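Single-structure report; data block below.
Below, the structure is given as structure tokens:
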């Protein structure tokens, strides 16, 4: 079985593993106050061109989303996000468990627009019963989205502008940010400039695990380590996160290895399209969503794992194929051959 | 200004006020452990034909919804309800503040169906990532709904059957239950038999304030008073609630006085319809939703208060007129005259 | 049975009841936006000599404490209070239910000192693992305390000074504030000046129910009505609270009627002391704590209700007798006679 | 600088690292549903002699405590624990953040007794205002405790008996369980038999990170994976935890490597005692607490890191020295020499 069902099927990139081995028996202080974390923070700040940013390391995405969002909102506030947003559908209500409503907006290709944010917020305050409803307190987006799509620089700039006008911090979930940087026009510097807080995904982009939160807005930086600890994200051996991100941000490794995923994904997409198979979303990143018949699904299932997405019509279903930093040429070649043979 | 904007514009029914005056300087124990509360409980159990029900008195609706729902759910569970449900839109996220996601279902006239509940629940367990999503843990309905509509006995029976089959407690918000009992086919006995827990609204139905929670399911009765206290609903002078509900449930006062509201509402509806004005929902209870032009709204606004509901088309808007136990004939007559003069 | 077990055995003061009757069938808007609430707010601001204060009306004490505290704290913060504080022992964990630890300090006669607050806070920041512990975020006191004692003006001034120095809002629970004003040296103006937020208890001091929150600190005023709604404290017929507090703050009724309680309490205390019975706390307000033998308790129990407090030694127990605005001379005379006959 | 300040200064045991390297590029399914986790579960069940136990893998201790406790308690319940318990003092209020009060009991050497649990619980129900206080809902202990002490088999058996009698699940925090197993009389089988749920610490006992939760009580097993996900503990590359625990539970590695820590700790203790230096707690595990003068602290600080614990008297301070699976003979020898030279 060759796995295309997700982007966390393997361990870590070789360079990271080597670094963990090399430093394994060193003694350092705990809780991310060690020199590796400090070095990684410096490199990330430099890569973001944002010397005043606070950088923190957490273990996983759900934990990071919950920690950031609950650190920003007051109790009567909720977070605006796309209906399809990860916090709205795939985190077992972690945001609500910390007291906040997710204010879901209709999405298009997994994205929401500046106009939607403005309209929702103005409508909130225009309602005579506004105090009986949850106040929008921040905006959450994913880049890339759950559908593999990307915000254009113009879209993200406009979102940022409207959020600042309305006093809503903009938070970007970057669990797959590496794949977005490799395939899109928004750079790490843009992220730091346009978002108030975002994170750089490690788990799905070459690390064993780990997410690097970049808080560019000084107003959101205060006391963040308390929140990490309270939400169970303060790793005792924090230097494991430092070592991994330090490696990823040395010599541009992060963007280098994520480029492989996009390249392989586009090869797979091309194979499907050549076969006349429609793509459910117009994704240029590491997730591709062909629309297959039941027969085609069965044929591919024999040798490849992939994810069921949703029924499209009587006979067809959208499914998801993921590539990653670890995807091998030979695996993609076998998949392409299988697609051609459909 | 004659007020039709809501059903809580006045104080209490005369009989209740007299009873509060008569008992004012009596000394009783606090926290609803007094003889008035005990008497009211007995009368409510009898009216529900449910001798084993636990009956508790709380102050208001949002508090009651939050207390009941948080007492039933485990942390990973959410509550299914209509998109338009009060807990989803008009309680400032009180359910989320206690840790639970509201799982909103598309509504029709404010109602949800047994089929929707079954489909949502089966789809939840059929999803391979079900543990990454919020588990449906109970069902919330309003009777009457926010739109003034009512469940038929058949609809509620079917909902109840499906909920029991799926292990989901069924909870009915009865903030306006009196108006539903007066106008529909579901009786108090039906409520006690079909729901696992529901409440009998006092605030909008003749009392100064107060809601009587009836927990017919023995499984949900344990430790409920702790939950009331924790959620700020344990009134020190609890006998005020006992006196009010004891009066409402003496000689059928509750259903008697709520009948006035329906009668007056239907007069108002008839006046609109006679004028060729469409009703936005087919309500038979104390809330009526005519669709007016801006000009018509302006004309009525001069002497009457009512609530803006939503835009219907370029020129027309749905608005809400409420009657109550306190609505006077002369006020309705003036309104009818004004409608005729539109 | 004559009841001295608490200060909420009766209904409301006659003047309040008359006012509720007189206004009963008036129509007003809901949710405390009516003219009665507005008038009461003005009178309270004037009585506090604090024109910029925000004044809000809630139903009960636990609800008020939870609403105020959760509106002030961020998620990683806790509230400093006396070990014996109401929020720490008698609210079924309502503060924790909203996410915050109660940071209990050793108390003396129910009070905490400025020095304790400073020492705790400095120790918190001096701890190298401070981010692993709950950050002190505000201070809660009761005035009068659970033991009936009062802060002197000097003590409260010093507490206020230290709190401001440390950036900790000072919140006073005034469930029995009327009895404190009647018996102590701290005035309503002092409360408004020294506390950042406090409340004026109605439930125990002449009203049917209701607490008036005074937020003198502008920094804490924003969006408070959302918090009231979310915590179930937004009364639909809010004018009931307005009418009651407007009456209490007309012609100084509040302080007048609470004076009766102190006077009666001191008569009871004098009777115990004359009999050589020790008082467990040195209370000058409406709660008195004689230390009785089992035999004495039994003798008094026949005609009077009172509250068991705690065991003092092998043979003796502290109990509590409460008076209130409603306590009658004849009841106190019977009690005094019974004490003399012990 | 040689570090004795904690037991998480290094990375992982060599055998674990080798296994991670060997399996690094294998493809597996995520979220701990892979064969490595399954194998580790089987081995842990066998080691516990508890075939019906549910075994789950989480990342860190605070997360594990919060997840287990919030999965067990209802909203009005709290968790009994020693005043010095980790959840009470060093988790930034994580338990309260999920809604529950920590009910702290006076501790002796970090331990609580069966009698304390019984007395607290009986006193709770004997209080006439019990519904106004937090209901004890479970018991949390640490084994070893924060002070390095251990429950005897008799103590833990008695605790377990009382907990079952009172219907309170017993939960043991085993962050350092390996060091307890190596030094005490309670075995893994005893843990599984006497506790309803406990965890086997990996982070401090040889793994890079990870804690294995063993839920021996069937009543607490339902839906636990939802709770893990909601609390941010569902590691995407879950097999990393499986690989680590599978290695630790192969050929008794876990108890073998933790034995080193106890052995080294006792050498250090002996050196202090030989010097006439008193130990603050009678610990037989990997944490040792000598009572030093300021001068002695300064002398040792030059070459060794250790943790300040508390002031003991005018001139003396308790400090903590930790050993671990990774502590080297040569480091201990240098420390012993330095102690001798004091």
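Residue numbers (my numbering), protein chains in the order written: chain V, 415 to 756; chain B, 415 to 756; chain A, 415 to 756; chain W, 415 to 756. We put the beta carbon where it would ideally sit given N, CA and C, even for glycine. Predicted model, so just to flag it, every value in this text is computed and none were measured.
Count the other CB atoms within 10 Å of the CB of residue 608(V); is the residue buried (16 or more) or exposed (fewer)?
Numbered from 1 along the first chain, position 194 holds the residue referred to as residue 608(V). By the 10 Å Cβ count, residue 608(V) comes out buried.
Tell me whether residue 742(B) sits in a helix, a strand or coil according to DSSP, three-state version.
Taking the second chain and counting its residues from 1, one reaches residue 742(B) at position 328. In the structure shown, residue 742(B) sits in coil (DSSP, three-state: anything other than H, G, I, E or B).
Going along chain B, which residues have a C-beta under 8 Å from residue 734(A)?
Reading the third chain from its first residue, position 320 is the one you call residue 734(A). Here the premise fails: no neighbours, minimum Cβ distance about 14 Å.
What is the residue span of the alpha helix (DSSP H) that residue 534(V) lies within?
Numbered from 1 along the first chain, position 120 holds the residue referred to as residue 534(V). Its alpha helix (DSSP H) spans residues 528-540.
At the level of alpha carbons, what is the spacing between residue 525(B) and residue 570(B)?
If you number the second chain from 1, residue 525(B) lands on position 111. If you number the second chain from 1, residue 570(B) lands on position 156. Looking at the two C-alpha atoms, the distance is approximately 10 Å.
Answer yes or no: do residue 485(V) and residue 652(V) have a C-beta to C-beta separation smaller than 7 Å?
For the purposes of this step, residue 485(V) is identified with residue 71 of the first chain, where counting begins at 1. For the purposes of this step, residue 652(V) is identified with residue 238 of the first chain, where counting begins at 1. Result no, Cβ atoms of residue 485(V) and residue 652(V) do not sit closer than 7 Å.
Does residue 605(A) pass the burial test, meaning 16 or more other C-beta atoms within 10 Å, or should it be called exposed?
Within the third chain, residue 605(A) is the residue found at index 191, counting from 1. Classification for residue 605(A): buried.
Where are the alpha helix (DSSP H) runs, 4 residues long or more, that stay fully inside the stretch 471-557 of chain B, in chain order?
475-486, 500-503, 508-511, 528-540
When you compare the CB positions of residue 589(A) and residue 618(A), do they come within less than 7 Å of one another, or not?
Here residue 589(A) refers to the residue found at position 175 of the third chain. Here residue 618(A) refers to the residue found at position 204 of the third chain. Yes, they are a contact pair.
From the beta carbon of residue 515(B), is the nearest beta carbon of chain V less than 7 Å away?
Within the second chain, residue 515(B) is the residue found at index 101, counting from 1. With 7 Å as the cut-off, residue 515(B) counts as an interface residue toward chain V.
Where does residue 686(A) sit, in a helix, a strand or coil, going by DSSP?
For the purposes of this step, residue 686(A) is taken as the residue at position 272 of the third chain. Residue state, collapsed to three classes: helix.
C-alpha distance - residue 490(A) paired with residue 518(W), whole-angstrom precision:
Residue numbering aside, residue 490(A) sits at position 76 when the third chain is read from its first letter. Residue numbering aside, residue 518(W) sits at position 104 when the fourth chain is read from its first letter. Going by the C-alpha atoms only, they are around 19 Å apart.
Residues of chain V with a CB under 7 Å from the CB of residue 543(B): which are they?
Position 129 of the second chain holds residue 543(B). Those within 7 Å of residue 543(B) in chain V are 504.
Beta-carbon neighbours of residue 644(A), restricted to chain V and to distances below 8 Å:
By 1-based counting over the third chain, the position of residue 644(A) is 230. Under the 8 Å cutoff, chain V gives 489, 490.
Taking any Cβ of chain V, which residues in the stretch 467-498 of chain W have a Cβ under 9 Å from it, in chain order?
472, 473, 474, 475, 476, 477, 478, 479, 480, 481, 484
In whole angstroms, give me the CA-to-CA distance for residue 502(A) and residue 508(A).
Stepping through the third chain from its first residue, residue 502(A) is reached at position 88. Stepping through the third chain from its first residue, residue 508(A) is reached at position 94. Cα to Cα, residue 502(A) sits roughly 9 Å from residue 508(A).
Measure the C-alpha to C-alpha separation of residue 627(B) and residue 701(V) and round it to an integer number of angstroms.
Within the second chain, the letter at position 213 stands for residue 627(B). Within the first chain, the letter at position 287 stands for residue 701(V). Roughly 50 Å separates the two Cα atoms.
Nearest neighbour of residue 754(B), chosen from 731(B), 736(B), 432(B), 710(B) [CA to CA]
The count along the second chain starts at 1 and reaches residue 754(B) at position 340. Nearest of 731(B), 736(B), 432(B), 710(B) to residue 754(B), Cα basis: 710(B).
Chain W partners of residue 640(B), CB-CB under 9 Å?
Reading the second chain from its first residue, position 226 is the one you call residue 640(B). Chain W residues near residue 640(B): 488, 489, 490, 491, 544, 545, 546, 547, 548, 549.
What did DSSP end up calling residue 708(V) once you bin it into helix, strand or coil?
The residue you call residue 708(V) lines up with position 294 of the first chain. In the structure shown, residue 708(V) sits in a helix (DSSP, three-state: H, G or I).
Nearest by alpha-carbon distance to residue 449(V): which of 423(W), 456(W), 464(W), 534(W) is it?
Position 35 of the first chain, counted from the start, is the residue given in the question as residue 449(V). Nearest option by C-alpha distance: 423(W).
Where do the ends of the beta strand (DSSP E) carrying residue 584(B) lie?
The residue labelled residue 584(B) in the question sits at position 170 within the second chain. That run of the beta strand (DSSP E) goes 584-587.
Residue 462(A) in three-state terms, based on DSSP:
Reading the third chain from its first residue, position 48 is the one you call residue 462(A). Residue 462(A): helix per DSSP, three-state reduction.
May I ask you to list the residues that DSSP assigns as paired with residue 721(B)?
As a working mapping, residue 721(B) is identified with position 307 in the second chain. Bridge partners of residue 721(B): 734(B).
Considering only C-alpha positions, which residue in the set 748(W), 567(W), 707(W) is nearest to residue 731(W)?
Walking along the fourth chain from the start, residue 731(W) turns up at place 317. Closest option to residue 731(W), Cα to Cα, is 707(W).
Please identify the residue among 739(B), 745(B), 756(B) whose C-alpha is closest to the C-alpha of residue 429(B).
The residue you call residue 429(B) lines up with position 15 of the second chain. Residue 429(B) has its Cα closest to that of 739(B), out of 739(B), 745(B), 756(B).
So is residue 533(V) in contact with chain B if we call contact Cβ pairs under 7 Å?
For the purposes of this step, residue 533(V) is taken as residue 119 along the first chain, with counting starting at 1. No, residue 533(V) lies away from the interface with chain B (no Cβ there is under 7 Å from its Cβ).
Looking at C-alpha atoms only, which residue of 681(W), 647(W), 712(W), 633(W) is the closest neighbour of residue 582(W)?
Against the fourth chain, residue 582(W) aligns to sequence position 168. Among 681(W), 647(W), 712(W), 633(W), the Cα nearest to that of residue 582(W) is on 633(W).
As a quick exercise: from 488(B), 614(B), 537(B), pick the residue whose alpha carbon is nearest that of residue 586(B).
By 1-based counting over the second chain, the position of residue 586(B) is 172. Per the Cα distances, 614(B).
Cβ atoms of residue 537(A) and residue 576(A): under 7 Å apart, would you say?
Position 162 of the third chain, counted from the first residue, corresponds to residue 576(A). Position 123 of the third chain, counted from the first residue, corresponds to residue 537(A). No.
How long is the line joining the alpha carbons of residue 713(W) and residue 689(W), rounded to whole angstroms?
In the fourth chain, the residue the question calls residue 713(W) occupies position 299. In the fourth chain, the residue the question calls residue 689(W) occupies position 275. Cα-Cα distance, rounded: 14 Å.
Taking the alpha carbon of residue 459(B) as the point to measure from, which residue in 557(B), 659(B), 638(B) has its own alpha carbon closest?
Here residue 459(B) corresponds to residue number 45 of the second chain, with the count starting at 1. Considering only alpha carbons, the answer is 659(B).
Examine the ligand HEM and report whether any of its heavy atoms sits within less than 6 Å of the Cβ of residue 726(V).
The model depicted lacks the ligand HEM and carries no ligand whatsoever.
Can you tell me which of the three DSSP states residue 625(A) falls into?
What you label residue 625(A) is simply residue 211 of the third chain in a count that begins at 1. Strand.
Please state if the CB of residue 620(B) and the CB of residue 427(B) are separated by a distance shorter than 7 Å.
Counted from its first residue, the second chain places residue 427(B) at position 13. Counted from its first residue, the second chain places residue 620(B) at position 206. Yes, Cβ-Cβ distance for residue 427(B) and residue 620(B) is below 7 Å.
Quick one, are the C-beta atoms of residue 646(W) and residue 496(V) less than 7 Å apart?
Here residue 646(W) refers to the residue found at position 232 when the fourth chain is read from its first residue. Here residue 496(V) refers to the residue found at position 82 when the first chain is read from its first residue. In this structure, residue 496(V) does not lie closer than 7 Å to residue 646(W) by Cβ.
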